[in-house]
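Engineer:
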């Protein structure tokens, strides 16, 4: 057994998981890590929330009793075949993440609300607000994955800070506030390592998603997962799916 693991959530069913999980397993093999899918709910009260399955990433706490270091990926992530070993980019005393910050994003409203609810000191801006869909975690960050006793979701923010009425965020606001309380330092890897779906529609996006190492098909961008797999792996790749399957995700 390796001292390292690549972990993803697989609670419920998504058609594209057949492809994204295969890519994650391939990546884990390349960097000498075990590949693990979390398939069962074990976090108390996670079933009380619409997006409660996202709380199951807090099972990372238990896996850090087995592994020294963990890379966590949401299930809707596609990894470029030349993506470097993330363990080599992040020191063990830092939480490796990608921050959604200016000039592309403003998360200040939700960040302040989350800090107020969880009892964290708001840092004055949202420059270090990170997306919880990709994390490089080591033993010093284990305490981050002890969930608070009281949990709530928050309205999602659009890139410009406007409040969305279509989505709520549950785990990411908690992680951002909890990180402050637990005094955990981060290593911001930049958008190449978690290119969230909403980024590609921005007029001020730093680059195209095809130029990233990790694409995150979050929100309404699930169909784009198939396009990224085709772009990065080719139409004849075993990771490629058909256009008809992609259409069913719409």
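Residue numbers (my numbering): 1075 to 1324. Even glycine gets a Cβ: it sits at the ideal position worked out from N, Cα and C.
Evaluate residue 1087 with the Cβ neighbour count: other Cβ atoms within 10 Å of its Cβ, from every protein chain shown; 16 or more gives buried, anything less gives exposed.
Structural biologist: With fewer than 16 Cβ atoms within 10 Å of its Cβ, residue 1087 is classed as exposed.
Engineer: So residue 1145 and residue 1160 are supposed to be a Cβ contact under 8 angstroms. How far apart are they, rounded?
Structural biologist: About 5 angstroms separates the two Cβ atoms, so the contact holds.
Engineer: Express the C-alpha separation of residue 1208 and residue 1148 in angstroms, rounding to a whole number.
Structural biologist: If I take the Cα positions, the gap works out to 7 angstroms.
Engineer: Quick check: residue 1093 and residue 1287, are their CB atoms within less than 9 angstroms of each other?
Structural biologist: Their beta carbons are not under 9 angstroms apart, which means residue 1093 does not touch residue 1287 by this criterion.
Engineer: Any idea which residues DSSP pairs residue 1243 with across the strands?
Structural biologist: DSSP, once it has assigned bridges, lists 1228 as partnering residue 1243.
Engineer: Please state if the CB of residue 1081 and the CB of residue 1134 are separated by a distance shorter than 9 angstroms.
Structural biologist: Contact: yes.
Engineer: I need the DSSP call for residue 1129, collapsed to helix, strand or coil.
Structural biologist: Correct three-state label for residue 1129: helix.
Engineer: Could you pull the DSSP bridge partners for residue 1170 from this structure?
Structural biologist: For residue 1170, which the question treats as bridged, DSSP gives the partners 1210, 1261.
Engineer: Going by the beta-carbon positions, is the gap between residue 1259 and residue 1169 smaller than 9 angstroms?
Structural biologist: Yes, they are a contact pair.
Engineer: Beta carbon of residue 1290, beta carbon of residue 1205: below 9 angstroms?
Structural biologist: In contact: residue 1290 and residue 1205 (Cβ atoms closer than 9 angstroms).
Engineer: What's the gap between the Cα of residue 1223 and the Cα of residue 1099?
Structural biologist: Whole-angstrom Cα-Cα distance: 33 angstroms.
Engineer: Between 1269, 1298, 1122, 1083, which lies nearest to residue 1111 when the distance is taken from Cα to Cα?
Structural biologist: The option with the nearest alpha carbon to residue 1111 is 1083.
Engineer: Quick check: the Cα distance between residue 1066 and residue 1117, rounded to an integer number of angstroms?
Structural biologist: Absent from the structure is residue 1066, since the part of the chain shown begins at 1075 and ends at 1324.
Engineer: How would you label residue 1248, buried or exposed, when you count the other beta carbons within 10 angstroms and need 16 or more for buried?
Structural biologist: Flag for residue 1248 reads buried.
Engineer: Could you spell out where the alpha helix (DSSP H) holding residue 1104 opens and where it closes?
Structural biologist: Its alpha helix (DSSP H) spans residues 1091-1105.
Engineer: Between which residues of its own chain and residue 1214 is the CB-CB distance below 8 angstroms, once the five residues before and five after are set aside?
Structural biologist: These residues qualify, in order along the chain: 1166, 1167, 1258.
Engineer: Smallest Cα separation from residue 1138: which of 1219, 1185, 1075, 1105?
Structural biologist: Closest by alpha carbon: 1219.
Engineer: How is residue 1088 classed by DSSP in three states: helix, strand or coil?
Structural biologist: If DSSP states are grouped into helix, strand and coil, residue 1088 belongs with coil.
Engineer: Roughly how many angstroms lie between the CA atoms of residue 1228 and residue 1184, to the nearest whole one?
Structural biologist: Near 7 angstroms, if we compare the C-alpha coordinates of residue 1184 and residue 1228.
Engineer: Tell me which residues share the same chain as residue 1155 and place their Cβ nearer than 7 angstroms to its Cβ, disregarding the 5 neighbours each side in the sequence.
Structural biologist: Closer than 7 angstroms at Cβ, skipping near neighbours: 1306, 1307.
Engineer: In angstroms, rounded to a whole number, what distance separates the CA positions of residue 1345 and residue 1281?
Structural biologist: This structure leaves residue 1345 out entirely; the chain is present only between 1075 and 1324.
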